[in-house]
Amino acid sequence: TIDNIIGYFELKDMFKDPPDIMSCVRKLAIVPETMTANKLLKIFFDEKMNVALVVDEFGGTSGMVTIEDVLEEIVGDIEDEHDYYELTEKEIAPGEFVFSGRLEIDYLNETYNLDLPEEDDYETLAGLILYHHGSIPVINETINIGKYVFRVIKVTATRIELVNLKTE
420 TIDNIIGYFE
430 LKDMFKDPPD
440 IMSCVRKLAI
450 VPETMTANKL
460 LKIFFDEKMN
470 VALVVDEFGG
480 TSGMVTIEDV
490 LEEIVGDIED
500 EHDYYELTEK
510 EIAPGEFVFS
520 GRLEIDYLNE
530 TYNLDLPEED
540 DYETLAGLIL
550 YHHGSIPVIN
560 ETINIGKYVF
570 RVIKVTATRI
580 ELVNLKTE
């Protein structure tokens, strides 16, 4: 039952053709809802675990928490290979586009017949802008690179998310 959890298993373990499902069950820490993030991180590191079962004051299951959940509460979103992002790529007028900062330069050059500069120091449109600008621009800031004018449409403290690109 939900209040009698004995462990968890990862799907990847099931693909290893285990003799039975119980051989795949992993131990998890059981922690109260009131535990601080610092204490929980210490448990994760000391016990070499990445998942904990959270229980309420009556011993009932409140949910599960991962090390990634805790770290994201402290430092903000952490991207990994399982995160999915919808990328924007749209021509809004001849020679004018709206692109996600995550789009790769070689893809943009090939798909939209552009000639954006390519360097070994970056792969994406955001990387190109950061490379030439030197820092994360503010919203609506304009950056000129060669024959292109970039205007930052959406930005966070750590990422250029959406860019308007015009050819001169």
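My numbering numbers the first residue of the sequence shown as 420 and each following residue consecutively. For each residue, glycine too, the CB sits at the ideal point set by N, CA and C. Fair warning: this is a prediction, and the values are worked out from it, not measured in the lab.
* Secondary structure at SER442, three-state DSSP: helix, strand or coil? -> Taking the sequence shown and counting its residues from 1, one reaches residue 442 at position 23. SER442 falls in the helix class under three-state DSSP.
* Quick one: Cα of GLU510 to Cα of VAL517, how far? -> What you label residue 510 is simply residue 91 of the sequence shown in a count that begins at 1. What you label residue 517 is simply residue 98 of the sequence shown in a count that begins at 1. Roughly 6 Å between the two C-alpha positions.
* According to DSSP, is ILE579 helix, strand or coil? -> Numbered from 1 along the sequence shown, position 160 holds the residue referred to as residue 579. Strand.
* Are there three or more Cβ pairs, one per stretch, closer than 8 Å when the segment 470–480 is compared with the segment 420–431? -> yes
* ASP432 versus GLU537 - alpha carbon distance -> Reading the sequence shown from its first residue, position 13 is the one you call residue 432. Reading the sequence shown from its first residue, position 118 is the one you call residue 537. Between ASP432 and GLU537, the C-alpha separation is close to 41 Å.
* **Residue from ASP436, VAL474, LEU460 whose Cα sits closest to the Cα of GLU492** => In the sequence shown, the residue the question calls residue 492 occupies position 73. For the residues ASP436, VAL474, LEU460, the minimum Cα distance to GLU492 belongs to LEU460.
* Taking TYR531 as part of the beta strand (DSSP E), name the residues at either end of that continuous run. => Taking the first residue of the sequence shown as 1, we reach residue 531 at position 112. Per DSSP, TYR531 belongs to no beta strand (DSSP E); it is in the alpha helix (DSSP H), 524–531.
* **Distance, ILE558 Cα to ASN532 Cα** => Working through the sequence shown from its first residue, we reach residue 532 at position 113. Working through the sequence shown from its first residue, we reach residue 558 at position 139. Taking the straight line joining both Cα atoms gives about 27 Å.
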